[in-house]
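Inspection log for the structure reproduced underneath, given as structure tokens.
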Amino acid sequence: MIEIVPGRQYGFFTDTTLCIGCKACEVACKEWNLLPADGPGLTGNSYDNTAALSATSWRHVAFIEKIGDPSASSGQAPSAGSVQAGGRATSMPPFQSNWLMMSDVCKHCERAACLEACPTGALFRTEFDTVVVQQDICNGCGYCVPACPFGVIELDLLGDGKAHKCTLCYDRLKGGLEPACAKACPTESIQFGELGDLQERAGRRVGELLERGVPEAYLYGGPGSPGATDDIGPLHAFFLLIDRPEVYNLPAAPSLPAKRVRPGLLAGLATIAGLALAAAAAFAAGKE
Amino acid sequence: METPYGRPHRPAPSPTRGEGAPRPSPLVGEGLGTSALRGVRGIPTYYGQPAIKAGHYRWLVVSYLFVGGLAGAAQLIAAIADLLGGRRDRAIVRTGRYLALGGALLSPVLLIKDLHTPSRWYNMLRIFRSTSPMSIGSWTLAAFGALSGLVGLGQALEDLAGLAVGRRLARLSGVPAAAAGALMSTYTGTLLASTSVPLWSTADRLLPPLFGASAAASATAAISLILELAGANRGRRRLAWLALACGGAQLALARATEREWRRQGVAGPIEREPAASIYRYGVLGLGAAVPLALNSVQALACRGWRTVSVVAAAATLAGGYLERALIVLAGRDSAGRPGDYFHLTRGAHGPTIT
Numbered sequence: 342m343i344e345i346v347p348g349r350q351y352g353f354f355t356d357t358t359l360c361i362g363c364k365a366c367e368v369a370c371k372e373w374n375l376l377p378a379d380g381p382g383l384t385g386n387s388y389d390n391t392a393a394l395s396a397t398s399w400r401h402v403a404f405i406e407k408i409g410d411p412s413a414s415s416g417q418a419p420s421a422g423s424v425q426a427g428g429r430a431t432s433m434p435p436f437q438s439n440w441l442m443m444s445d446v447c448k449h450c451e452r453a454a455c456l457e458a459c460p461t462g463a464l465f466r467t468e469f470d471t472v473v474v475q476q477d478i479c480n481g482c483g484y485c486v487p488a489c490p491f492g493v494i495e496l497d498l499l500g501d502g503k504a505h506k507c508t509l510c511y512d513r514l515k516g517g518l519e520p521a522c523a524k525a526c527p528t529e530s531i532q533f534g535e536l537g538d539l540q541e542r543a544g545r546r547v548g549e550l551l552e553r554g555v556p557e558a559y560l561y562g563g564p565g566s567p568g569a570t571d572d573i574g575p576l577h578a579f580f581l582l583i584d585r586p587e588v589y590n591l592p593a594a595p596s597l598p599a600k601r602v603r604p605g606l607l608a609g610l611a612t613i614a615g616l617a618l619a620a621a622a623a624f625a626a627g628k629e
Numbered sequence: 415m416e417t418p419y420g421r422p423h424r425p426a427p428s429p430t431r432g433e434g435a436p437r438p439s440p441l442v443g444e445g446l447g448t449s450a451l452r453g454v455r456g457i458p459t460y461y462g463q464p465a466i467k468a469g470h471y472r473w474l475v476v477s478y479l480f481v482g483g484l485a486g487a488a489q490l491i492a493a494i495a496d497l498l499g500g501r502r503d504r505a506i507v508r509t510g511r512y513l514a515l516g517g518a519l520l521s522p523v524l525l526i527k528d529l530h531t532p533s534r535w536y537n538m539l540r541i542f543r544s545t546s547p548m549s550i551g552s553w554t555l556a557a558f559g560a561l562s563g564l565v566g567l568g569q570a571l572e573d574l575a576g577l578a579v580g581r582r583l584a585r586l587s588g589v590p591a592a593a594a595g596a597l598m599s600t601y602t603g604t605l606l607a608s609t610s611v612p613l614w615s616t617a618d619r620l621l622p623p624l625f626g627a628s629a630a631a632s633a634t635a636a637i638s639l640i641l642e643l644a645g646a647n648r649g650r651r652r653l654a655w656l657a658l659a660c661g662g663a664q665l666a667l668a669r670a671t672e673r674e675w676r677r678q679g680v681a682g683p684i685e686r687e688p689a690a691s692i693y694r695y696g697v698l699g700l701g702a703a704v705p706l707a708l709n710s711v712q713a714l715a716c717r718g719w720r721t722v723s724v725v726a727a728a729a730t731l732a733g734g735y736l737e738r739a740l741i742v743l744a745g746r747d748s749a750g751r752p753g754d755y756f757h758l759t760r761g762a763h764g765p766t767i768t
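Here the protein sequences line up with chains W and C, keeping their order.
Under the working numbering, residues 342 to 629 are what the first sequence spells out, in order.
Under the working numbering, residues 415 to 768 are what the second sequence spells out, in order.
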């Protein structure tokens with residue numbers, strides 16, 4: 342049992358090589374946070390019928406089946422590191438049976454684009470260094486939604502119209518309990534803990550996998566890793582992946598929106614100053 | 415499909431398929447054959463699912479970008495005409511100030527209506543956050559509204575009661591109001607650019623100048639249109655010169671923005687119909703080329719024509735609105751294209767597998 346103390350950094354390390362796609366994390370999250378169901382529809386995307394993280398789905402298990410794709414064998418495989426596609430399951434390396442599963446979640450970024458975009462202060466950084474929306478402050482302006490480089494936060498347009506996302510179970514942490522998804526994960530694919538400990542553990546796990554003959558293993562969102570670019574990282578919820586980030590619907594090198602504020606404003610004001618000079622010339626010249 | 419919670423299921427968008435990709439075998443799901451593993455431009459996507467979320471901005475925000483920008487630029491033009499213009503320019507000053515006041519009153523209505531919890535609009539003024547263009551904009555609009563109110567009050571005192579104190583009040587508050595107006599007309603470009611949407615974020619140094627030039631052109635057109643319709647445009651040629659400067663800048667910046675979108679490989683949303691035609695004929699043709707031609711005639715000829723002024727002004731206003739609408743709505747399209755986003759965020763070293 343991890344001791345949860347305010348003032349320390351907590352997060353998730355999601356080791357996708359241990360994920361079996363049971364979706365217990367999705368269910369536990371919905372149960373604890375009282376989130377409504379998203380509907381019984383089927384997407385046709387393997388076993389993934391949640392489709393994406395949303396205002397009412399704070400964990401989302403992605404399923405990528407790489408078995409029997411005839412087109413990928415025609416010399417355009419996504420990368421050298423990927424498992425060879427095109428064969429039957431029996432003729433491919435046994436590890437993971439070429440079936441990738443990954444439980445996605447809010448990354449609780451080091452510099453969070455949603456928090457930096459929020460004009461009301463509804464989004465704030467907690468004493469556990471996580472990023473949470475205060476529901477009694479949010480006025481549903483929706484600016485955090487396109488700001489997020491990972492497409493996580495969303496307005497609940499069919500519900501209360503406010504922004505929602507994973508809170509890293511802020512209420513449970515305050516009570517000394519680990520988040521519901523990590524508690525429910527039966528394979529320890531989702532590991533909760535102090536960020537430093539998790540990073541150390543994740544580094545060891547990557548080394549172990551490399552040693553065991555999984556050269557594709559790498560961390561997404563760890564210090565200096567893909568996903569942790571432009572001061573966004575290290576992500577407080579980070580992942581061990583074995584294919585390109587895009588395969589899991591993650592950007593390889595996201596950028597921080599707030600860094601575009603100052604240059605844009607200065608360029609705009611410079612243009613207006615130029616046009617103001619033109620106006621001044623027109624009016625001064627036209628004076629009788 | 416409605417659930418007991420009233421929440422329809424989100425259907426997955428059809429996968430984007432690279433050009434000339436072989437058809438996947440019927441045994442393989444449509445999404446898997448090409449999009450999940452290969453995707454577009456050699457970068458895979460996850461069943462063509464969007465990688466970021468688009469946000470909800472539609473007509474209310476489009477209208478605010480137009481109205482707020484126009485009001486800001488109108489206040490700036492009024493202040494310059496007030497300080498540097500002659501007696502003939504008083505009508506331009508008056509029209510600009512009332513336009514700015516009208517826009518400053520309409521803007522918060524549009525923005526508050528766009529909130530999903532409008533009763534909490536005042537939380538916008540709860541904090542100031544320099545990393546958030548939304549916060550910068552809220553405070554700018556609040557300051558601009560208050561100052562435009564003072565300017566409008568002064569102008570009304572002068573117009574209705576003939577008080578000299580009104581004129582002094584309007585001139586004194588007109589300068590800070592114009593400064594706030596300059597920010598009003600440009601920050602909205604940064605508002606869009608400081609997101610993760612490919613179409614907006616790639617033009618982070620071009621959208622604010624473009625919106626500023628477009629706002630100045632719209633404000634000039636609106637002042638000119640009102641004066642023409644009132645039958646009292648004594649500043650026709652000066653306004654035509656100003657419209658030429660703003661329109662020229664707007665056209666050049668629009669072309670530069672388009673080039674930047676192509677260079678960065680995110681121009682898809684404005685290259686497909688109907689966006690492509692609206693952009694070419696509506697924004698560039700009607701909104702920029704037509705007024706430029708008409709205003710050139712107006713500025714160079716020894717006399718002006720009322721009809722020419724009216725047509726040029728109306729075309730500028732329509733084009734300016736279309737420009738904001740196109741950029742906002744095409745941004746929604748852009749956010750739904752994981753290929754564009756992953757192309758943009760591919761990093762310096764290509765595939766990231768070690």
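Glycine included, every Cβ here is placed at the ideal spot set by N, Cα and C.
Span of the alpha helix (DSSP H) around residue i
i: residue 757 of chain C; result: 752 to 758
i: residue 526 of chain C; result: 504 to 528
i: residue 511 of chain W; result: 511 to 515
i: residue 475 of chain C; result: 473 to 498
i: residue 602 of chain W; result: 602 to 627
i: residue 740 of chain C; result: 720 to 749
i: residue 368 of chain W; result: 365 to 374
i: residue 704 of chain C; result: 704 to 714
i: residue 589 of chain C; result: 578 to 607
N- and C-terminal bounds of the beta strand (DSSP E) containing residue i
i: residue 444 of chain W; result: 440 to 446
i: residue 464 of chain W; result: 464 to 466
i: residue 531 of chain W; result: 531 to 535
i: residue 405 of chain W; result: 400 to 406
i: residue 579 of chain W; result: 578 to 582
i: residue 559 of chain W; result: 559 to 561
i: residue 611 of chain C; result: Neither: residue 611 of chain C is in no beta strand (DSSP E) and is coded neither H nor E.
Exposed unless 16 or more other CB atoms sit within 10 angstroms - verdict on residue i
i: residue 361 of chain W; result: exposed
i: residue 409 of chain C; result: Residue 409 of chain C lies beyond the residue range present for chain C, which begins at 415 and ends at 768; the question has no answer from this structure.
i: residue 400 of chain C; result: Since the first residue of chain C shown is 415 and the last is 768, residue 400 of chain C is not available in this structure.
i: residue 344 of chain W; result: exposed
i: residue 372 of chain W; result: exposed
i: residue 755 of chain C; result: buried
i: residue 487 of chain W; result: buried
i: residue 664 of chain C; result: buried
i: residue 476 of chain W; result: exposed
i: residue 442 of chain W; result: buried
i: residue 533 of chain C; result: exposed
i: residue 760 of chain C; result: buried
Cutoff 6 Å; reference residue i; Cβ partners in own chain excluding five residues on either side
i: residue 376 of chain W; result: 397
i: residue 488 of chain C; result: 510, 513, 514, 633
i: residue 597 of chain C; result: 554
i: residue 485 of chain C; result: 514, 517, 518
Chain-order list of residues whose beta-carbon lies under 7 Å from that of residue i (same chain, five-residue window excluded)
i: residue 563 of chain W; result: 540, 543, 569, 575, 579
i: residue 417 of chain W; result: With a pLDDT of 38 at residue 417 of chain W, under the threshold of 50, the modelled position of that residue is not reliable, and no figure is offered here.
i: residue 471 of chain C; result: 742
i: residue 478 of chain C; result: 521, 524, 525
i: residue 670 of chain C; result: 620
i: residue 529 of chain W; result: 359
i: residue 529 of chain C; result: 535
Residue i, DSSP secondary structure in three states
i: residue 541 of chain C; result: coil
i: residue 351 of chain W; result: strand
i: residue 424 of chain W; result: Low confidence applies here, because residue 424 of chain W scores a pLDDT of 43, under 50, leaving its location unreliable; read the following figure in that light. Coil, per DSSP.
i: residue 591 of chain W; result: coil
i: residue 356 of chain W; result: strand
i: residue 395 of chain W; result: strand
i: residue 504 of chain W; result: strand
8 Å Cβ shell around residue i - same chain, five flanking residues per side excluded
i: residue 494 of chain C; result: 592
Chain A within 8 Å of residue i, Cβ atoms only
i: residue 535 of chain C; result: Among the chains of the structure shown, chain A does not appear; the protein chains present are W and C.
Counting pairs of Cβ atoms below 8 Å between the stretch 589 to 597 of chain W and the stretch 576 to 584 of chain C, do you hit three or more? no
Please determine if the stretch 631 to 650 of chain C and the stretch 487 to 507 of chain C are in contact, where contact requires at least 3 C-beta pairs separated by less than 8 Å. yes
Would you call the stretch 722 to 735 of chain C and the stretch 694 to 710 of chain C in contact, with 3 or more CB pairs under 8 Å? yes
Taking one C-beta from the stretch 673 to 689 of chain C and one from the stretch 614 to 630 of chain C each time, how about it: are there three or more such pairs within less than 8 Å? yes
Taking 8 Å as the threshold, find out whether the stretch 496 to 513 of chain W comes into contact with the stretch 467 to 485 of chain W through three or more Cβ pairs. yes
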